[in-house]
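Residue numbers (this note's numbering): -18 to 313.
Pasting the structure below:
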C-alpha cells in the first residue's frame, strides 16, 4: 500500500538529482570559461520550454537540454549527457553517461547559431571611432632638418611655445568597422593655430610675397599669427578591450584647406592692430596624425608634411613645418 508513495518519492529524488547535475554542469562550464586564456565575446543566453517537458538553455557556447518524463530524466550538455532511469517494476534506478555525435545538433541550437552570426554582424556595424572631439594643445614648427632651433637670420619667427596654442573641434565623424574594435574613421574638423611670437615683432608680406619681419617701433604686449583650417582625416583605428573599457589607437593621413588667417599686435597701452591676409600661407596642406587614449580621453599629435608658407615665400628661404601636440576629449 505504500509502494506508490515510495515510487513517487524516488522519482522526485531522481529529478532533484538531475537538477543538481544540471547546475553542476553549468557551474563547471562557467569556471572553464573564466579560466580560458582567450577572452570570448559575450554570448547571449536564452531558454525555451516545450509542452513535452523539454527545456533548452544556452550556456556559454553549449546547448543544455533537460528532458523530464515518467521513465527518465535526461541532461545533455554539449555532446555529453547524463540519463537517470527510473524503473517502476522493482524500484530500481540507474544512471548512465552518454556521448553524442557532434553533428547531431538540436534545431534550436542551429537557429541560435544563425542568430548569433547576425549579432556578430551587428556588432561590426556598431564600431565607433574616436574622431569627434574637442582638442587643445600647443603648436610650433620645425625646420627641414627637424630642428626647433631657427637660423639667426629668422630669429623673429621664434615662438613662445607655452602660449602658442592649438584648438580643434572635430564636429563630424563617419566610422566603417571591419570588426567591433577595428575600422576606418573619417570626418571633418576645424583646426585653429595661434603662433605667439617670442620677440617684439610680427610678420608681413614683403616684395614678391616673401615673408619678412614687421617691427612696430614700440613695445608690444602680445603678437601672434592665427590660422584656421578645415581638416579631413582618414584614420585606421584599433580598439583594445580592457575589462569593460577600451584602449584606442588611431593613425593616418589628414588633409586640410585654409579658411582664414590674420595677425594681431597688442600694445602696452592696450591698443591693438589686427590684419587679415593670406600671409603667403599654403592654401592646402597635408600631414600625418596619431592619437592614443583610454575611453574618451586621448593624447594626439599631428605633423604636417606641407611647409607653412608657399614655395619660395618662406622667410629667408627657410621652410617651416608645423606640428601639434595636445589632449582630446572625444564624443562617440
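We put the beta carbon where it would ideally sit given N, CA and C, even for glycine.
query	result
If you compare alpha carbons, which of 48, 155, 182 and 157 is closest to residue 254?	182
Report yes if the C-beta distance between residue 209 and residue 151 is below 8 Å; otherwise report no.	no
Cβ of residue 294 within 8 Å of Cβ of residue 264?	no
In whole angstroms, what separates the C-alpha of residue 123 from that of residue 227?	34 Å
With distance defined between alpha-carbon atoms, name the residue in 309, 189, 200 and 262 nearest to residue 301.	262
Give every residue of the same chain whose Cβ lies closer than 7 Å to the Cβ of residue 129, excluding the five residues on either side of it in the sequence, and list them in chain order.	121 and 123
Could you check what DSSP says for residue 28 in three-state terms: helix, strand or coil?	Confidence at residue 28 is low in this model, with a pLDDT of 44, below 50, so the placement of that residue should be treated as unreliable; the coordinate-derived value is given next. It is a strand residue.
Less than 7 Å between C-beta atoms, sequence neighbours within five positions excluded: which residues of the same chain meet that for residue 310?	114, 115, 277 and 278
How would you call residue 246, buried or exposed, if buried means at least 16 neighbouring beta carbons within 10 angstroms?	buried
Do residue 234 and residue 267 have their C-beta atoms closer together than 8 Å?	yes
Thinking C-alpha only, which one of 206, 126, 117 and 171 is nearest residue 214?	171
Quick check on DSSP: helix, strand or coil for residue 14?	Residue placement at residue 14 cannot be trusted, given a pLDDT of 46 that sits under 50; the coordinates are not used to answer.
At a Cβ threshold of 8 Å, is residue 111 touching chain D?	You won't find chain D in this structure, because it holds only one protein chain.
Here's a check: name, in chain order, each residue in its chain whose Cβ is nearer than 7 Å to the Cβ of residue 199, leaving out the five neighbours to either side.	248
Helix, strand or coil for residue 126 per DSSP?	coil
Give the range of the beta strand (DSSP E) segment to which residue 257 is assigned.	253 to 257
Using the Cβ count rule (16 or more neighbours within 10 Å means buried), how would you classify residue 62?	buried
Compute the Euclidean distance between the alpha carbons of residue 291 and residue 283, then round it to the nearest angstrom.	20 Å
Residue 242 lies in the beta strand (DSSP E); which residues open and close that run?	226 to 248
Helix, strand or coil: how does DSSP classify residue 144 here?	helix
Taking the beta carbon of residue 303 as the centre, do at least 16 other beta carbons fall within 10 Å, making it buried, or is it exposed?	buried
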